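Remarks on the structure that follows.
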Amino acid sequence: CSRKRAFQITKSFLPILEWLPNYRVKEWLISDVISGVSTGLVATLQGLAYALLVAVPVGYGLYSAFFPILTYFFLGTSRHISVGPFPVVSLMVGSVVLSMAPDDNFLIEGSNATGTNVTGTLIDTESRDAQRVLIASTLTFLVGILQVIFGALQIGFIVRYLADPLVGGFTTAAAFQVLVSQLKIVLNVSTKNYNGVLSIIYTLIETFEKIGTTNIADLIAGLLTIFVCMVVKEINDRFKHKIPIPIPIEVIVTIVATGISYAADLEKKYNAGIVKSIPRGFLPPEPPDVSLFSQMIAASFSIAIVAYAIAVSVGKVYATKYDYAIDGNQEFIAFGVSNIFSGAFSCFVATTALSRTAVQESTGGKTQIAGIISAGIVLISIVALGKLLEPLQKSVLAAVVIANLKGMFMQVFDVPRLWRQNKVDAMIWVFTCVASIILGLDLGLLAGLLFGLLTVVLRVQFPSWGGFGNIPGTDIYKKVKDYKNVIEPEGVKILKFSSPIFYANIDGLKSSLKSTVGFDAVKVYNKRLKALRKIQKLIKKGKLKATKNGIISEPGISNEAFETDEEPEDNEDLHIPTKEVEIQVDWNSELPVKVNIPKVPIHSLILDFGAVTFLDIVAVRSIKTIIREFERIDVRVYFASYQDNLISQLERSAFFDDIVRKDIFFLTVHDAVLYIRNQMTYSDNQDPIFEKISLMQESKEPLEFTETSRPDDELDVQEE
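Using UniProt numbering, you'd call the opening residue of the sequence shown number 1 and step up by one each time.
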């Protein structure tokens, strides 16, 4: 607990103390000023435009472009992102606002309404807008609380579950949703505010049904704005190395459009939809309506995650480019505090906009000093310039929004590339996009996230596996199906299972074992038991004879199924009391009984566990059962390339006993193969390995076949 440690903790909560003392005034200040002015002009226009997505009066978009920057300046770790509204997040907020405060809740009778509807019913727009602003600011406050909690709990890692294909599909669907929502503003067509599943389809249908009521003045202004903005943005991209500062086309178009609208008086002459009123100055802070929290908690969770994910992903791009680090958990806290602070001033949720951040970086922005200067430009607009923008057509603002969607729509061309590289990622992209369009952004994001997790589960549940063989002259082992010159060791099968083994994929391990070795160990054991019972009956009837050296033969007839080293003894020896006589059976030769027993061409099985990272208790028990199944039919099981943590895990699970010992584990597959070869060489010099079944023969008494009792922990063959 030292002063230095206390200062380090303080710097972690206030990153400004890290970079501001090292600020290079002479080198960076001019660049930050130029960048801040350029970004501020763009932020002003985007704030007005994105307010349309939230379904609140456009003036509140200026507040949302101003207040969040003030707190992020002190708490944020990114030096380049421009904090403020973003179309995807704005649309998600707007969907909540429209669902909780639809026009139908504000219908009134009489002529005292402040707005009218084409159907003849009147809407109290003043009360409606006030309620929508309250809902948007309350939602922003709740999102901020959730983000602060996430940051305090150090769960910034949650954004890792939003994979790039998922984010790509989601933002493309959001761009389509934004396009449809702004289309009716460009056309100046009045439609109902749909929300929820298939809302985008209903909006499109009603828009085209009423397309005959399109306002030509708004349509021409919108189309010209879209065309000019996209052309100039393309020029900015093509010649960005030659143009020192990108052309602020949105600002230019807005100024020109405002001038034309004012001079031509488009509202009165052509009934064009204009901004009408932008409040001057600031509103006093208001507390959120806590009673609304329960209705918006689910939506606020998804908005908090999406807003954070967008900001961090953009911030990391520039952090990598300029060689500094971003603290994910601190970013959660920074945006959370910004949203709590701005929520008190009637703002909607803030994150970062890609186009605005690109302007801030490309015009020379070095630090968040540029962000504060851009906030100053927005402040001037709020205090002094708001009145000048009142004649501006809403269709021009909607067109500015649409023109900024180009980058998101271009993500569609990622799908063919993803399909070539990884079909599962391409499926995640398409599924998330379609689900977000059909179900809405919040449910679509959840569906895409669940689908992405499902693909991971399926890939773990059905992993790749295969039999391996040796490349001659090396200690390298490769999959037999993929390589021509690999050779499987004689009498040995090697199986590699490329996944953690747990309850969901243990059946996959068993089926891959059967496919690799070519037989079912349980069925082989059952068939052998059946054969032994028949052999016992033949001995009992005297048709076969068991001798001291284990030969089984039919009296008077040579048995070709077994080779004898000496002549069988006389029949009367069967009646002489003898000691224990062993019957040796070569199961791979022909038997004197008609039982179809699968051949077992191997004596050893090696399980390559190099890709197995963990085992659960079900897997441990199943593997122990597998070892016993193969041991009963004279196939030894070995393990190779295991990870160190598996041994300690097996010890905790009581895996090892007198039968399953640690000497069956080897560091590499080649070590296991060499050990097996040495064992086989030693065994060849001894008696052959046969299964030995002991039968007691008593003179003058019929031979009875007795089954040995099964230990409690041994596999129940019939149940298996």
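We put the CB at the ideal spot given by N, CA and C, even for glycine. Computed from a predicted structure; not experimentally measured.
* Asked: Nearest CA to the CA of Ser277: which residue from Pro57, Ile476 and Asp442?
  -> As a first step, residue 277 is located in the sequence shown; it is residue number 277 there, counting from the start. Among Pro57, Ile476 and Asp442, the Cα nearest to that of Ser277 is on Pro57.
* Spatial neighbours of Arg632 in its chain, beta-carbon cut-off 8 Å, leaving aside the 5 residues before and after -> Locating residue 632 in the sequence shown gives position 632, where the first residue counts as 1. For Arg632, same chain residues with a beta-carbon under 8 Å away, outside a window of 5 residues either side, are Ala521 and Tyr525 in chain order.
* chain D beta carbons: is any one of them nearer than 8 Å to that of Lys594? -> Note that chain D does not occur in the displayed structure, where there is just one protein chain.
* Assign Tyr477 to one of three DSSP states: helix, strand, or coil. => On the sequence shown, position 477 is the one that residue 477 refers to. Of the three classes helix, strand and coil, the one that applies to Tyr477 here is strand, per DSSP.
* **Residues of its chain near Leu162, where Cβ-Cβ distance is below 6 Å and the 5 sequence neighbours each way are ignored** => Indexing the sequence shown from 1 puts residue 162 at position 162. Shown here for Leu162: same chain residues with a beta carbon closer than 6 Å to its own, the five before and five after excluded, namely Ala309 in chain order.
* To do: With DSSP collapsed to three states, give me the class of Phe666.
  => In the sequence shown, residue 666 corresponds to position 666, counting from 1. In the structure shown, Phe666 sits in a strand (DSSP, three-state: E or B).
* **Distance between beta carbons of Gly36 and His378, contact taken as under 8 Å** => The count along the sequence shown starts at 1 and reaches residue 378 at position 378. The count along the sequence shown starts at 1 and reaches residue 36 at position 36. According to the sequence provided, residue 378 is Val. The question's His does not apply to it. Not confirmed; about 10 Å, so no contact.
* Please go through the same chain and pick out, in chain order, the residues whose beta-carbon is closer than 8 Å to the beta-carbon of Asp103, but skip the five residues on each side of it. => Here residue 103 is taken as the residue at index 103 of the sequence shown, counted from 1. Hits under 8 Å: Asn117, Ile123, Arg128, Lys192 and Asn193.
* Asked: Is Tyr262 helix, strand or coil by DSSP?
  -> If you number the sequence shown from 1, residue 262 lands on position 262. The answer is helix: DSSP assigns Tyr262 an H, G or I state.
* Asked: For Glu126, which option in Gly144, Ile135, Ser137 and Phe106 has the closest C-alpha, if you only look at C-alpha atoms?
  -> Walking along the sequence shown from the start, residue 126 turns up at place 126. Nearest of Gly144, Ile135, Ser137 and Phe106 to Glu126, Cα basis: Phe106.
* Exposure of Val143, with buried meaning 16 or more beta-carbon neighbours within 10 Å -> Start at 1 with the first residue of the sequence shown, and residue 143 comes out as number 143. By the 10 Å Cβ count, Val143 comes out buried.
* **Which of helix, strand or coil DSSP assigns to Asn678** => Here residue 678 is taken as the residue at index 678 of the sequence shown, counted from 1. Correct three-state label for Asn678: helix.
* **Length-filtered (4 minimum) alpha helix (DSSP H) runs lying within the segment 174-259** => Runs of the alpha helix (DSSP H) inside the segment 174-259: 199-209 and 216-238.
* Asked: Counting along the chain, where does the alpha helix (DSSP H) carrying Asp507 start and finish?
  -> Here residue 507 corresponds to residue number 507 of the sequence shown, with the count starting at 1. Run containing Asp507: Ile506 to Val517, per the alpha helix (DSSP H) assignment.
* **Whole-angstrom distance between Lys624 and Gln8, CA atom to CA atom** => Translated into the one-based positions of the sequence shown, residue 8 becomes position 8. Translated into the one-based positions of the sequence shown, residue 624 becomes position 624. Distance between the alpha carbons of Gln8 and Lys624: 52 Å.
* Within its chain, find whatever has a CB closer than 7 Å to the CB of Val33; leave out the 5 residues flanking it on each side and keep chain order. => What you label residue 33 is simply residue 33 of the sequence shown in a count that begins at 1. Here Val33 has Ile373 as same chain residues with Cβ atoms under 7 Å from its own Cβ, once five neighbours each way along the sequence are excluded.
* To do: Tell me whether Asp425 is buried or exposed, calling it buried when 16 or more other Cβ atoms sit within 10 Å of its Cβ.
  => Within the sequence shown, numbered from 1, the residue matching residue 425 stands at position 425. Asp425 should be labelled buried.
* Asked: Who does Trp587 pair with in a DSSP beta bridge?
  -> In the sequence shown, the residue the question calls residue 587 occupies position 587. Answer by DSSP bridge pairing: none, since Trp587 is not bridged.
* Give a yes or no on contact between the segment 627-641 and the segment 529-545, applying the rule of three or more CB pairs nearer than 8 Å. => no
* Nearest to Gly84 by alpha carbon, out of Ala136, Tyr483 and Phe66? -> Along the sequence shown, read from residue 1 onward, the residue named residue 84 stands at position 84. Nearest option by C-alpha distance: Phe66.
* **Neighbourhood of Val480 by C-beta, 8 Å cutoff - its chain only, sequence neighbours within 5 removed** => To locate residue 480, count along the sequence shown from 1; it is residue 480. Result list for Val480: Gly466, Gly467, Phe468, Gly469, Val486 and Glu488, in chain order.
* To do: Jot down the residue ranges of each uninterrupted alpha helix (DSSP H) in the segment 331-380, minimum 4 residues, whole runs only, in chain order.
  => You should have 354-362 and 369-380.
* **Own chain, CB closer than 7 Å to Ser199, minus 5 neighbours either side, in chain order** => Numbered from 1 along the sequence shown, position 199 holds the residue referred to as residue 199. Same-chain partners within the cutoff: Gly440.
* Asked: Helix, strand or coil: how does DSSP classify Ile576 here?
  -> Taking the sequence shown and counting its residues from 1, the one referred to as residue 576 is at position 576. Caution is warranted here: a pLDDT of 34 is assigned to Ile576, below 50, making its placement in the model unreliable, and the coordinate value is therefore given only provisionally. Three-state DSSP puts Ile576 in coil, outside helix and strand.
* **Distance, Ile602 Cα to Phe301 Cα** => Here the question's residue 301 lines up with position 301 in the sequence shown. Here the question's residue 602 lines up with position 602 in the sequence shown. Their backbone Cα atoms lie some 57 Å apart in a straight line.
* Whole angstroms is fine: what's the gap from Ala298's alpha carbon to Gly315's? => If you number the sequence shown from 1, residue 298 lands on position 298. If you number the sequence shown from 1, residue 315 lands on position 315. So the two alpha carbons sit approximately 26 Å from each other.
* Looking at the unbroken beta strand (DSSP E) that takes in residue 803, where does it start and where does it end? -> No answer is possible for residue 803: it lies beyond the span of the chain, which begins at 1 and ends at 720.
* Identify whether Gly467 lies in helix, strand or coil by the three-state DSSP scheme. => To locate residue 467, count along the sequence shown from 1; it is residue 467. If DSSP states are grouped into helix, strand and coil, Gly467 belongs with the strands.
* Would you check whether the ligand ZN has a heavy atom nearer than 7 Å to the C-beta of Lys11? => Questions concerning the ligand ZN fall outside what the structure shown contains, since it holds no ligand whatsoever.
* To do: Would you mind giving the Cβ-Cβ distance between Leu513 and Ile626, rounded to the nearest angstrom? I have them listed as a contact below 8 Å.
  => As a working mapping, residue 513 is identified with position 513 in the sequence shown. As a working mapping, residue 626 is identified with position 626 in the sequence shown. With a Cβ gap of about 7 Å, Leu513 and Ile626 count as contacting.
* On the premise that Thr71 lies in contact with Phe341, defined as a C-beta separation below 8 Å, what is that separation, rounded to the nearest angstrom? -> Here residue 341 refers to the residue found at position 341 when the sequence shown is read from its first residue. Here residue 71 refers to the residue found at position 71 when the sequence shown is read from its first residue. Going by Cβ atoms, the distance from Phe341 to Thr71 rounds to 5 Å, so yes, they are a contact pair.
* Are the segment 18-31 and the segment 336-351 touching, with three or more C-beta to C-beta distances below 8 Å? -> no
* When burial is assigned at 16 or more other CB atoms within 10 Å of the CB, is Val456 buried or exposed? -> For the purposes of this step, residue 456 is identified with residue 456 of the sequence shown, where counting begins at 1. A residue is called buried when at least 16 other Cβ atoms come within 10 angstroms of its Cβ; Val456 does not meet this threshold and is exposed.
* Minimum length 4: unbroken alpha helix (DSSP H) runs contained in the segment 601-625 -> Uninterrupted alpha helix (DSSP H) stretches at least 4 residues long and entirely within the segment 601-625 do not occur.
* Asked: Taking the alpha carbon of Ala370 as the point to measure from, which residue in Leu14, Ile69 and Arg5 has its own alpha carbon closest?
  -> On the sequence shown, residue 370 is found 370 positions in, with the first residue counted as 1. Relative to Ala370, the option among Leu14, Ile69 and Arg5 whose CA is nearest is Ile69.
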